[in-house]
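To start, the structure under review is shown below, and the notes come after it.
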Ligand code: SAH
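Numbering (the numbering used here), first residue to last: 215 to 706.
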């Protein structure tokens with residue numbers, strides 16, 4: 215397999231700086247041995263105006279089999295010949311990516327002692343790969359590279375040029391160009407996306423693959439429209455690893471958006487405060503409505519799911535009737551702030567024994583959430599993408615099954631009453647949806663029906679005769695101990 219990287223230059227910024235950036239001198243041809251063959255680096259051209267580095271990987275098919283690494287996805291491990299005669303030596307993208315990561319590891323990390331300033335700045339780049347296995351074809355190649363700032367020139371390689379009627383092979387010829395990326399970015403894109411396109415890892419995918427993916431992709435993957443496909447394929451379609459990676463990427467996103475979000479939350483608080491007629495902020499009404507519901511149901515052991523910075527946890531701590539309080543959030547940063555606000559480290563022993571915070575994602579069932587009297591989801595569901603909501607539903611109502619569940623969410627109808635909110639906007643940038651009263655009711659009633667709960671609805675805040683209250687609350691109470699699926703199983 216073969217790849218070239220070309221850059222152009224000026225007398226002040228010679229293209230031959232590429233040699234410094236890659237840590238490989240343009241005058242030498244170098245060879246590096248890897249466990250599966252030899253990687254060669256050489257420069258077909260090295261002028262001030264234009265410089266090209268080439269990476270050629272010679273895979274040793276025999277070594278590959280001896281090391282037990284020849285069993286790619288779709289390959290038949292027992293077919294003795296197929297172990298030796300396959301396309302891996304010519305088109306092994308995943309091996310190639312490993313070689314790329316090994317031979318250009320400093321460049322990938324963006325480290326360059328000789329030219330630090332150049333390592334950090336974008337440069338004109340052209341990457342060519344004459345034969346790249348691409349499951350998904352030219353269309354997927356474009357979908358993967360274009361959002362990252364590459365101009366993509368890709369065409370399918372025909373199976374046989376003499377017989378065009380045989381159609382295309384699964385290989386493409388690829389040329390990428392960009393003026394906006396650093397070399398480190400470019401290499402990271404290739405390191406992740408070449409194996410994704412090949413879709414056949416040559417080695418067993420272990421959990422530390424997630425670390426590798428985070429190191430190479432953490433900074434750009436979250437914003438990629440094909441994040442899910444990339445993550446899933448990179449991790450050889452193993453769901454448990456994909457989930458872990460998606461959760462970690464979610465944390466990266468939260469960490470990135472934090473500051474602007476804090477600002478927006480401040481704005482939202484201001485918007486709420488602007489409502490002169492309302493002496494108490496809506497958030498206070500919300501917490502009071504939640505506490506009332508919990509008291510009515512005699513809940514003592516309470517989960518605050520999506521607890522954020524711990525405002526409700528603090529209120530719960532004030533009342534001795536709540537003997538065990540657990541705050542759960544996906545955001546480590548929110549939990550850190552919560553723990554600081556609650557002064558968890560300075561709390562007396564008895565108080566501290568009542569409260570716990572831990573990180574978890576509500577998209578997955580979690581044994582730690584079982585056996586509580588009540589769970590609160592205060593302004594949380596609207597932060598999940600709608601397709602992820604059934605997973606939360608199952609995790610809370612199907613698996614954790616607390617006796618009481620309190621769910622609050624904005625009432626979208628009320629938005630016309632917020633003076634500072636432009637028409638048709640949600641209240642917070644991170645809200646994936648906001649529901650009308652009817653939409654919320656329909657969801658909540660279906661959830662209750664599916665999981666053996668009864669449900670009642672309560673307004674929170676000023677209940678406008680036309681558009682209803684700003685916040686809507688659903689109070690679920692467990693009526694049967696068996697889930698509908700369990701009941702069906704019993705009935706059958
Ligand atoms: N309950 C708090 C915070 C609401 S903001 C309150 O009423 O003020 C929504 C919170 O849900 C955020 O802290 C966010 O990190 C958390 N969250 C979003 N998606 C989540 C998920 N999948 N699992 C756990 N928490 C999540």
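All residues carry an ideal CB built from backbone N, CA and C; glycine is no exception.
- Message: Given 7 Å as the limit, tell me if residue 575 has its C-beta closer than that to any heavy atom belonging to the ligand SAH.
- Response: Residue 575 sits at position 361 when you count from the first residue of the chain shown. Answer for residue 575: yes, Cβ within range of the ligand SAH.
- Determine, using beta-carbon pairs with one atom in the region 438-453 and one in the region 372-392, whether at least three such pairs fall under 8 Å. no
- Message: For residue 321, count the other beta carbons within 10 Å of its own beta carbon; 16 or more makes it buried, fewer makes it exposed. Which is it?
- Response: Translated into the one-based positions of the chain shown, residue 321 becomes position 107. Answer is buried; the Cβ neighbour count reaches 16.
- Would residue 349 pass as a contact of residue 413 if the rule is Cβ separation under 8 Å? Looking up residue 349 in the chain shown gives position 135. Looking up residue 413 in the chain shown gives position 199. Cβ distance < 8 Å, so residue 349 and residue 413 count as in contact.
- Who are the near neighbours of residue 618 in its chain, counting only those whose CB is closer than 8 Å to its CB and skipping five residues on each side? As a working mapping, residue 618 is identified with position 404 in the chain shown. Taken in chain order, the residues that qualify are 507, 508, 511, 513, 587, 588, 589, 689, 690, 691 and 692.
- Buried or exposed by the 16-neighbour rule on C-beta atoms within 10 Å, applied to residue 318: As a working note, residue 318 is residue 104 in the chain shown. So residue 318 ends up on the buried side.
- When the Cα of residue 310 is compared with those of 268, 575 and 452, which residue comes out closest? For the purposes of this step, residue 310 is taken as the residue at position 96 of the chain shown. That would be 268, whose Cα lies nearest to the Cα of residue 310.
- Task: In the DSSP assignment, find the unbroken beta strand (DSSP E) run with residue 229 in it and report its ends.
- Result: As a first step, residue 229 must be located in the chain shown, where it is residue number 15. Careful: residue 229 lies outside any beta strand (DSSP E) and carries neither H nor E.
- Task: Would you identify the three-state DSSP class for residue 608, choosing helix, strand or coil?
- Result: Counted from its first residue, the chain shown places residue 608 at position 394. If DSSP states are grouped into helix, strand and coil, residue 608 belongs with the helices.
- Task: Tell me where the alpha helix (DSSP H) around residue 409 begins and ends.
- Result: Numbered from its first residue, the chain shown carries residue 409 at position 195. Here the alpha helix (DSSP H) through residue 409 covers 397-412.
- Regarding residue 597 and the ligand SAH, is the C-beta to nearest heavy atom distance less than 7 Å? Taking the first residue of the chain shown as 1, we reach residue 597 at position 383. For the ligand SAH, at least one heavy atom lies less than 7 Å from the Cβ of residue 597.
- Hey, residue 235 and residue 265: beta-carbon distance below 8 Å or not? Start at 1 with the first residue of the chain shown, and residue 235 comes out as number 21. Start at 1 with the first residue of the chain shown, and residue 265 comes out as number 51. In this structure, residue 265 does not lie closer than 8 Å to residue 235 by Cβ.
- Query: Does the beta carbon of residue 682 fall short of 7 Å from some heavy atom of the ligand SAH?
  - Reply: Walking along the chain shown from the start, residue 682 turns up at place 468. No; taking the cut-off as 7 Å, the Cβ of residue 682 has no heavy atom of the ligand SAH nearer than that.
- Identify the residues that DSSP records as bridge partners of residue 265: which are they? Residue numbering aside, residue 265 sits at position 51 when the chain shown is read from its first letter. BP columns for residue 265 point to 221 and 260.
- Query: Residues in its own chain within less than 6 Å of residue 410 by CB, not counting five upstream and five downstream?
  - Reply: For the purposes of this step, residue 410 is taken as the residue at position 196 of the chain shown. Excluding sequence neighbours, residue 410 sits near 444, 447 and 448.
- When the Cα of residue 500 is compared with those of 314, 252, 273 and 685, which residue comes out closest? Residue 500 sits at position 286 when you count from the first residue of the chain shown. For residue 500, the nearest C-alpha among the options comes from 685.
- Query: According to DSSP, which residues form a beta bridge with residue 343?
  - Reply: Here residue 343 refers to the residue found at position 129 when the chain shown is read from its first residue. For residue 343, which the question treats as bridged, DSSP gives the partners 388.
- Query: Contact check, residue 407 vs residue 337 under 8 Å by CB: the rounded distance?
  - Reply: Walking along the chain shown from the start, residue 407 turns up at place 193. Walking along the chain shown from the start, residue 337 turns up at place 123. Incorrect: roughly 20 Å between the Cβ atoms, too far for contact.
- Query: Which same chain residues, not among the five before or five after residue 491, have their C-beta less than 6 Å away from its C-beta?
  - Reply: Taking the first residue of the chain shown as position 1, residue 491 is located at position 277. Because the pLDDT at residue 491 is just 39, under 50, the model does not fix this residue reliably, and the value given afterwards should be weighed accordingly. Correct list: empty, nothing qualifies.
- Query: Taking just the CA atoms, how far does residue 387 sit from residue 283?
  - Reply: Here residue 283 is taken as the residue at index 69 of the chain shown, counted from 1. Here residue 387 is taken as the residue at index 173 of the chain shown, counted from 1. With a pLDDT of 44 at residue 283, under the threshold of 50, the predicted position of this residue should be treated as unreliable, though the coordinate-derived value follows. Straight-line Cα distance between these residues: approximately 26 Å.
- Message: Quick check on residue 328: buried or exposed, where buried means 16 or more other Cβ atoms within 10 Å of its Cβ?
- Response: Counted from its first residue, the chain shown places residue 328 at position 114. Flag for residue 328 reads exposed.
- Rounded to whole angstroms, what's the CA-CA distance from residue 752 to residue 649? Just pull it up for me. A query on residue 752 cannot be resolved here, the shown segment of the chain reaching from 215 to 706 and no further.
- Query: Helix, strand or coil for residue 290 per DSSP?
  - Reply: Position 76 of the chain shown, counted from the start, is the residue given in the question as residue 290. Note on residue 290: pLDDT 43, under 50, position unreliable in the model; no value is reported.
- Item | Residues of its chain near residue 528, where Cβ-Cβ distance is below 8 Å and the 5 sequence neighbours each way are ignored | The sequence position of residue 528 within the chain shown is 314, counting from 1. Correct list, in chain order: 555 and 556.
- Task: Starting from the C-beta of residue 245, find all residues in its chain whose C-beta is less than 6 Å away, skip the five residues before and the five after it, and write them out in chain order.
- Result: The residue given as residue 245 occupies position 31 in the chain shown. Once the five neighbours on either side are set aside, the close Cβ partners of residue 245 are 252 and 254.
- Message: Looking at chain B, is there any beta carbon in it that lies within less than 8 Å of the beta carbon of residue 590?
- Response: In the displayed structure, chain B is absent; only one protein chain is listed.
- Query: Would the region 598-611 and the region 628-642 be scored as touching if the rule is three or more Cβ pairs under 8 Å?
  - Reply: no
- Can you have a look at residue 548 and say buried or exposed, based on whether 16 or more other CB atoms are within 10 angstroms of its CB? The sequence position of residue 548 within the chain shown is 334, counting from 1. Classification for residue 548: buried.
- Message: With the cut-off set at 8 Å, would you say residue 539 and residue 569 are in Cβ contact?
- Response: Mapped onto the chain shown, residue 539 falls at position 325. Mapped onto the chain shown, residue 569 falls at position 355. It is a contact, given that the beta carbons lie within the stated cut-off.
- Query: Would the beta-carbon of residue 251 be found less than 7 Å away from any heavy atom of the ligand SAH?
  - Reply: Looking up residue 251 in the chain shown gives position 37. The answer is no for residue 251.
- Query: Is residue 541 closer than 8 Å to residue 571 when the C-beta atoms are compared?
  - Reply: In the chain shown, residue 571 corresponds to position 357, counting from 1. In the chain shown, residue 541 corresponds to position 327, counting from 1. Going by C-beta atoms, residue 571 is nearer than 8 Å to residue 541.
- For residue 434 and residue 581, the rounded distance between their alpha carbons: As a first step, residue 581 is located in the chain shown; it is residue number 367 there, counting from the start. As a first step, residue 434 is located in the chain shown; it is residue number 220 there, counting from the start. Cα-Cα distance, rounded: 32 Å.
- Query: Taking DSSP as the reference, what is the three-state secondary structure of residue 672?
  - Reply: Taking the chain shown and counting its residues from 1, the one referred to as residue 672 is at position 458. DSSP places residue 672 in strand when its eight states are reduced to three.
- How many whole angstroms separate the CB atoms of residue 674 and residue 622, which I take to be in contact at a CB cut-off of 8 Å? As a first step, residue 674 is located in the chain shown; it is residue number 460 there, counting from the start. As a first step, residue 622 is located in the chain shown; it is residue number 408 there, counting from the start. Correct: roughly 6 Å between the Cβ atoms.
- Message: When you compare the CB positions of residue 263 and residue 218, do they come within less than 8 Å of one another, or not?
- Response: Within the chain shown, the letter at position 49 stands for residue 263. Within the chain shown, the letter at position 4 stands for residue 218. Not in contact: residue 263 and residue 218 (Cβ atoms no closer than 8 Å).
- Query: Quick one: does the C-beta of residue 525 sit closer than 7 Å to a heavy atom of the ligand SAH?
  - Reply: Residue mapping note: residue 525 aligns to position 311 of the chain shown, counting from 1. Correct: residue 525 has its Cβ closer than 7 Å to the ligand SAH.
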